[in-house]
Amino acid sequence: MSSLVWTHTRYQFLEQLRVPIAIVASVFFPTISMLAFVVPFTGDDPLMATVGTASMTLFAVMSSSLMGLAIGVADDRGKPWDPYVRTLPAGPFPRFAGRMLTSLAIMLIAVVPVVLVAAFLTAATATPLQLLSGLGALIVGALPFMMLGLLVGYALPSKAAIAVSQVLFFPIAIGGGMFGNPLDPPAFIGAVAPYLPSRGAMELVWAATAGVPPRPLPLVMLAVWTVAGAAAAVWAYRRDEGRRFR
Amino acid sequence: MTVLARTIGVTRRYGEVTALDDVSLEIPAGRLVGLLGPNGAGKSTLVNLFVGLRRPTKGVVELLGGAPSDPRVRQRMGVTPQETGLPEALRVGEIVDFVSAHFPERAGTPELLARFGLDDLARRQVGGLSGGQKRRLAVALAFAGNPRIVFLDEPTTGLDVEARRSLWEGIRAFHAEGGTVVLTSHYLEEVEALAERVVVIGKGRVLADDTMQAVRGMVGVRRVSLSAPELPALPGVVDAQRVGDRHELLTSDSDRLVLDLVASGVPFSGLEISPATLEDAFLAITSKEAAGV
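Chains as they are written, first to last, in our numbering: chain P, 100 to 345; chain S, 3 to 295.
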């Protein structure tokens, strides 16, 4: 089973590598966002710079997890190769895992320039341990978004998946308080944020990199979104089987 | 005789449309079975049920003694994708490796490529292959896991004559070593060249299921061709084609047709009567069905 996960990951990644512009875009999006929205505004406050860097990185990771998987999966389902792969002797797990690991690998590559920009151009500080646990927090925080991406990708055709993943993503990001001052959100956002996965993911990343203590409710909700998202993604995959080409 | 695949009373509906209607079919080990039928007859749905892509609305589908939806059962089965939808960015060798990795028994990438005349192309990206090369790669993939049974859906669509013949050789070689083949095709010539048993499907039902000879003879159709300016309506004609003043008529009673023709007093010349091809038999069976006979 684990060798099949490796096989699927390898070929997903190879396919991405052969169209390098897609990787270039996902790798540089977080860096450009850093240069535009974090570097000019955080001044010499180390906490603000660290929190800003962490949030911007998470924002990029969330969007590429949700939209990248939703669009990628829906697009693949429209190709005749997809039903063929379904006839191969493997269940849904290796394919899910392969997609998620590929998405994670690209994410890890994308984090490197962000960390360099933060180190050289802002007052952000982090020990090597904080950096590592920050990476771990990013991965955990990305999980519910990957699940939502798989759900949308397996449930909808390609054009609908593009629209729905965007419509889903921005309210979750805005509602989680990712725009504006993340540490002091307006009242309305302060009220809904704890229930959205974006908030839990952010508090996790802040805790890991800047030592800002997380609250329990957003973390519990992050876990709830992850589990519910995974169940819904498996449901969508099973439902998809035997239903294509009406 | 071991049965490798069977359907028992299988019905498959897509919403209001019934694609398969109470189909019971057995594919015994070591046979080369052709599935024949017009577009929309239900051939592809039947194959999709066998390979686990769909589930029946009613009835049971069995593959290698289990359910096709079970991945373990599919380890000894091979399929060819109907369209040449191979991932363009990957190399030929990579695709074969990827597919092979799913099977416990492997044909081996170099051996498989050599068998289908693709050995020089292992390093080429699929997007750079010709249509015929893609098609051969697609068929080769069905054999990657040393299968006991393969389902070949339109294996030689879009191939030139030479490539088609060499693919047929590959399929025959697999069959000669005891492999079981289920083949669907638009090319009647292909089914005629390969299959020993023919299952004719029309409107979701099995219309005929017998040896090639029997299906051909079952309807006893003959092809009557003649030159005449204009023909009257003749009884017993199941299909009529006309090119210029040459008429091609299909009938189950050619003697009667000739008598009627003479009695009608129409002048004609160049009368030829020939035994039915599979295509003729197929037309006769499906048109009978349409007439509700």
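Glycine is no exception: its CB is placed at the ideal position from the N, C-alpha and C atoms.
Checklist entry - Nearest CA to the CA of Met214(S): which residue from Lys205(S), Ala195(S), Val184(S), Val239(S)? => result Start at 1 with the first residue of the second sequence, and residue 214(S) comes out as number 212. Measuring from the Cα of Met214(S), the nearest candidate turns out to be Ala195(S).
Checklist entry - Which class does Phe52(S) belong to by DSSP, given the choice of helix, strand or coil? => result In the second sequence, counting from the first residue as 1, residue 52(S) sits at position 50. Residue state, collapsed to three classes: helix.
Checklist entry - Does His314(S) get closer than 8 Å to chain P when you measure Cβ to Cβ? => result Lying before the first or after the last residue shown, residue 314(S) is absent from chain S, which here runs from 3 to 295.
Item to check | 7 Å Cβ cut-off: residues of chain S touching Glu114(P) | outcome: Taking the first sequence and counting its residues from 1, the one referred to as residue 114(P) is at position 15. By Cβ distance, chain S contributes Pro89, Ala91, Leu92.
Checklist entry - In terms of residue numbering, what span does the beta strand (DSSP E) encompassing Thr213(S) cover? => result Counting from one through the second sequence, the residue named residue 213(S) turns up at place 211. First-last of the beta strand (DSSP E) with Thr213(S): 207–213.
Checklist entry - Is it right to say Pro193(P) is buried, meaning 16 or more other beta carbons lie within 10 angstroms of its own, or is it exposed? => result Taking the first residue of the first sequence as position 1, residue 193(P) is located at position 94. Pro193(P) should be labelled buried.
Next on the checklist: Pro277(S) and Arg199(S) - do their beta-carbons sit closer together than 8 Å?
Outcome noted: Position 197 of the second sequence, counting from 1, holds the residue named residue 199(S). Position 275 of the second sequence, counting from 1, holds the residue named residue 277(S). No, the Cβ-Cβ distance between Arg199(S) and Pro277(S) is not below 8 Å.
Checklist entry - What is the DSSP secondary structure of Tyr253(P), counted as helix, strand or coil? => result The residue given as residue 253(P) occupies position 154 in the first sequence. Here Tyr253(P) sits in helix by DSSP.
Item to check | Which residues DSSP lists as bridging Thr149(P), in chain order | outcome: Here residue 149(P) corresponds to residue number 50 of the first sequence, with the count starting at 1. Under DSSP, Thr149(P) shares a beta bridge with no residue.
Checklist entry - Whose C-alpha, out of Leu131(S), Arg56(S), Gly246(S), His104(S), is nearest the C-alpha of Arg338(P)? => result The sequence position of residue 338(P) within the first sequence is 239, counting from 1. With distances taken between Cα atoms, Arg338(P) lies closest to Arg56(S).
Checklist entry - What is the residue span of the beta strand (DSSP E) that Leu34(S) lies within? => result The residue labelled residue 34(S) in the question sits at position 32 within the second sequence. Here the beta strand (DSSP E) through Leu34(S) covers 34–38.
Checklist entry - Is His107(P) helix, strand or coil when you go by DSSP? => result Position 8 of the first sequence, counting from 1, holds the residue named residue 107(P). In this structure, His107(P) counts as helix in the three-state DSSP scheme.
Next on the checklist: Taking CB distances under 8 Å as the criterion, tell me whether Trp180(P) reaches chain S.
Outcome noted: The residue labelled residue 180(P) in the question sits at position 81 within the first sequence. Yes, Trp180(P) counts as interfacial toward chain S.
Item to check | Closer than 8 Å to chain P by CB, Leu161(S) | outcome: On the second sequence, position 159 is the one that residue 161(S) refers to. It does not; no Cβ of chain P falls within 8 Å.
Checklist entry - Per DSSP, Tyr16(S) forms a beta bridge with which residues? => result What you label residue 16(S) is simply residue 14 of the second sequence in a count that begins at 1. Answer by DSSP bridge pairing, in chain order: Val19(S).
Checklist entry - Among Ser297(P), Leu267(P), Leu321(P), Phe268(P), which residue has its Cα nearest to the Cα of Gly276(P)? => result Residue numbering aside, residue 276(P) sits at position 177 when the first sequence is read from its first letter. Among Ser297(P), Leu267(P), Leu321(P), Phe268(P), the Cα nearest to that of Gly276(P) belongs to Ser297(P).
Next on the checklist: Can you find the residues in the same chain that come closer than 8 Å, C-beta to C-beta, to Leu116(P), ignoring five residues on each side of it along the sequence?
Outcome noted: Mapped onto the first sequence, residue 116(P) falls at position 17. These residues qualify, in order along the chain: Ile122.
Checklist entry - Does DSSP classify Arg108(S) as helix, strand or coil? => result Residue numbering aside, residue 108(S) sits at position 106 when the second sequence is read from its first letter. Coil.
Next on the checklist: If I measure Cβ to Cβ from Gly294(S) and keep anything under 8 Å in the same chain, skipping five residues before and after, which residues do I get?
Outcome noted: Here the question's residue 294(S) lines up with position 292 in the second sequence. Note that Gly294(S) has pLDDT 49, beneath the 50 cutoff, so the model's placement of it is unreliable and the number below is only indicative. None.
Next on the checklist: Taking 8 Å as the threshold (beta carbon to beta carbon), is Pro188(P) in contact with chain S?
Outcome noted: Within the first sequence, residue 188(P) is the residue found at index 89, counting from 1. At least one C-beta of chain S is nearer than 8 Å to the C-beta of Pro188(P).
Checklist entry - Is there contact here, the segment 101–111 of chain P with the segment 185–201 of chain P, by at least three beta-carbon pairs under 8 Å? => result Three or more beta-carbon pairs drawn from the segment 101–111 of chain P and the segment 185–201 of chain P are found closer than 8 Å, and the two stretches are therefore classed as touching.
Item to check | Short CB-CB distance (under 8 Å) between Leu103(P) and chain S | outcome: Mapped onto the first sequence, residue 103(P) falls at position 4. Yes, Leu103(P) lies at the interface with chain S (some Cβ there is under 8 Å from its Cβ).
Item to check | Contacting positions in the segment 52–64 of chain S - beta carbon closer than 8 Å to chain P | outcome: Those residues of the segment 52–64 of chain S placed with their C-beta closer than 8 Å to a C-beta in chain P are Val53, Gly54, Leu55, Arg56, Arg57, ordered along the chain.
Checklist entry - Are three or more beta carbon pairs between the segment 258–269 of chain S and the segment 8–23 of chain S nearer than 8 Å? => result By the criterion of at least three beta-carbon pairs nearer than 8 Å, the segment 258–269 of chain S is not in contact with the segment 8–23 of chain S.
Item to check | Inter-residue Cα distance where the pair is Gly341(P) and Phe52(S) | outcome: Counting from one through the first sequence, the residue named residue 341(P) turns up at place 242. Counting from one through the second sequence, the residue named residue 52(S) turns up at place 50. Note that Gly341(P) scores 43 on pLDDT, short of 50, meaning its location in the model is unreliable; the coordinates nonetheless yield the value given after this. Approximately 12 Å between the Cα atoms of the pair.
Next on the checklist: In the DSSP output, what is Pro277(S) paired with across the bridge?
Outcome noted: As a position in the second sequence, residue 277(S) is number 275, starting the count at 1. In the DSSP output, where bridge partners are listed per residue, Pro277(S) has Arg224(S).
Checklist entry - Given a threshold of 16 other Cβ atoms within 10 Å of its Cβ, counted over all protein chains shown, does Ala290(P) qualify as buried or as exposed? => result Translated into the one-based positions of the first sequence, residue 290(P) becomes position 191. When all chains shown are included, Ala290(P) counts as exposed.
Next on the checklist: Give me the subset of the segment 98–128 of chain S whose CB atoms are less than 9 Å from a CB atom of chain P, sorted by chain position.
Outcome noted: Against chain P - using a Cβ distance shorter than 9 Å - the residues of the segment 98–128 of chain S are Asp99, Phe100, Val101, Ala103, His104, Phe105, Pro106, Gln127.
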